[in-house]
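Structure record follows, encoded as structure tokens.
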Amino acid sequence: MIIIPLLASLGIKMPKTFSKAITTPAATGECVSVLMDISFSKKQIENLVKKENTCLVRGGGLDLAPADEKLIKAAYPLSMQSYSRTVVSIMAKKYAMGVNHSLIDIPVGPTAKVPDMKIANHLKKQFTYV
Numbered sequence: 001m002i003i004i005p006l007l008a009s010l011g012i013k014m015p016k017t018f019s020k021a022i023t024t025p026a027a028t029g030e031c032v033s034v035l036m037d038i039s040f041s042k043k044q045i046e047n048l049v050k051k052e053n054t055c056l057v058r059g060g061g062l063d064l065a066p067a068d069e070k071l072i073k074a075a076y077p078l079s080m081q082s083y084s085r086t087v088v089s090i091m092a093k094k095y096a097m098g099v100n101h102s103l104i105d106i107p108v109g110p111t112a113k114v115p116d117m118k119i120a121n122h123l124k125k126q127f128t129y130v
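With our numbering, letter number 50 in the sequence shown gets 50, and the count goes up by one each step, no holes.
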């Protein structure tokens with residue numbers, strides 16, 4: 001939560017959305033929701049971004065990609081992890097919000113969702129392609 005506020009302070013409009021964590025109980029949304037409201041309507045998000053150049057919102061309640069939400073709910077109990085599905089899930093929501101540029105942070109490491117740089121570079125290629 002450093003880069004987005006910095007870019008917003010420079011006049012770059014950059015809403016920050018996130019979905020409910022499925023791999024950890026302490027992801028961005030879960031932590032921030034203790035301090036502030038994270039659920040907004042599409043109109044409220046537009047107004048926040050117009051006024052502040054940024055916002056921090058949970059995208060799951062916006063019905064941006066309803067099919068994706070159903071896939072997540074079905075795959076999670078089965079412990080199914082597909083990096084291709086992750087890319088499609090993220091990009092579907094970006095497209096639904098009208099995003100034409102996106103900065104995606106991919107944590108890499110033994111306890112992260114992406115365990116090594118080989119997979120991270122593969123994801124980078126998939127995001128770039130899509």
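Glycine is no exception: its CB is placed at the ideal position from the N, C-alpha and C atoms.
Counterpart residues of residue i in DSSP-defined beta bridges
| i | result |
| --- | --- |
| Thr54 | Met14 |
Neighbourhood of residue i by C-beta distance below 8 Å, restricted to the same chain and skipping five residues each side
| i | result |
| --- | --- |
| Gln126 | Tyr83, Ser84, Val87 |
| His122 | Tyr83 |
Three-way DSSP call (helix, strand, coil) for residue i in this model
| i | result |
| --- | --- |
| Val49 | helix |
| Val130 | coil |
| Val99 | coil |
| Val108 | strand |
| Val114 | strand |
| Met91 | helix |
| Ala120 | helix |
Chain D contact for residue i (CB, 8 Å cutoff)
| i | result |
| --- | --- |
| Ile3 | No chain D appears in this structure, which consists of one protein chain only. |
Cβ neighbours of residue i in the same chain (closer than 6 Å, five flanking residues each side left out)
| i | result |
| --- | --- |
| Lys43 | none |
Check whether residue i and residue j have beta carbons under 8 Å apart
| i | j | result |
| --- | --- | --- |
| Lys16 | Ile4 | yes |
| Ile106 | Val99 | no |
| Val108 | Met117 | yes |
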